[in-house]
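Worksheet: one structure, shown below.
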Amino acid sequence: MAAPDFQQTASAAIDTGLAHMTPPRLDRALLDSAIYPMRHDIQTRVSDLDIQQHVNNVAVLGLMEEGRARFFRDVDWYEKRGALRAVVAGLQVEYAFELRYPQPVQIFTGVIAIGRSSFTLAQVLRQGSAAGAYSVSTVVVLDGTRAAPMPDLLRELLRTASVRIGDGVGQAAP
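So this is what it looks like as structure tokens:
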């Protein structure tokens, strides 16, 4: 099989307008750390830096992953899930400010939606008063390798960790 012609592929994307498509922006209300039920302080590391001397965008994803792991621990997910697993199926990240070493980051995490076999987490990473990055991740609950409906116990754990938007709680479905 011949290698793809990347120049031709890129030209086709430009000709069809696909090169100008951008995903919708995340809701900037998610930058407000006051809406989140959980906060975790995590120390940045020298290995997080890139050549520009700020925390690299890939390292930011690792910090978010650590924040999610601590979130699951704090809501007792690991103890209550039984054989079920939770895996990230989708992740959208926006970067708002350069994060620096050696300052720690504060990672705020909360649930913004609960579905039948998935839920949506929002996170914001801050250093001091500045939001460095924020994300929305879709997490699917698996039984083995297949999506599985969440038991009521797990749904309730997630409801207790919902973000507070306005006077209400995130958009958790019944």
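Numbering (this note's numbering), first residue to last: 1170 to 1343. Positions of the beta carbon are idealized from the N, C-alpha and C atoms, including for glycine.
**Message:** Taking 7 Å as the limit between beta carbons, can you name the residues of its chain near Asp1217, skipping five residues before and five after?
**Reply:** Closer than 7 Å at Cβ, skipping near neighbours: Val1224, Asn1225, Ala1228, Tyr1270.
**Request:** Within the region 1253-1335, note down every full alpha helix (DSSP H) run reaching 4 residues or more, in order along the chain.
**Result:** Taking only runs of at least 4 residues, the alpha helix (DSSP H) segments lying wholly in the region 1253-1335 are 1321-1328.
**Prompt:** So which of Arg1194, Arg1250, Pro1318, Asp1201 has the shortest CA-CA distance to Thr1278?
**Reply:** Of the candidates Arg1194, Arg1250, Pro1318, Asp1201, the residue whose Cα lies closest to the Cα of Thr1278 is Asp1201.
**Request:** Since I believe Ser1331 is in contact with Pro1206 (beta carbons under 8 Å), could you give me their beta-carbon distance rounded to a whole number of angstroms?
**Result:** So it is a contact: roughly 7 Å between Cβ atoms.
**Asked** Sorted by chain position, which residues of the same chain lie with C-beta nearer than 6 Å to Gln1275's C-beta, five sequence neighbours on each side aside?
**Response** Once the five neighbours on either side are set aside, the close Cβ partners of Gln1275 are Arg1208, Asp1210, Arg1295.
**CA-to-CA distance, Val1244 to Arg1328, given in whole angstroms** = Going by the C-alpha atoms only, they are around 10 Å apart.
**Request:** Keeping to the same chain, check which residues put their C-beta closer than 8 Å to that of Leu1322; ignore five residues upstream and five downstream.
**Result:** The residues are Lys1249.
**Item:** Cα-Cα separation between Tyr1264 and Val1257, rounded to whole angstroms
**Value:** Taking the CA atoms as reference points, Tyr1264 sits about 19 Å from Val1257.
**Where Arg1315 falls, given that 16 or more other Cβ within 10 Å makes a residue buried** = The residue is exposed, with fewer than 16 neighbouring Cβ atoms inside 10 Å.
**Item:** beta strand (DSSP E) segment containing Arg1208, residue limits
**Value:** Unbroken beta strand (DSSP E) run through Arg1208: 1207-1211.
**Whole-number beta carbon distance between Phe1266 and Gly1301, since they are thought to touch under 8 Å** = Indeed they touch by this definition, with Cβ atoms about 5 Å apart.
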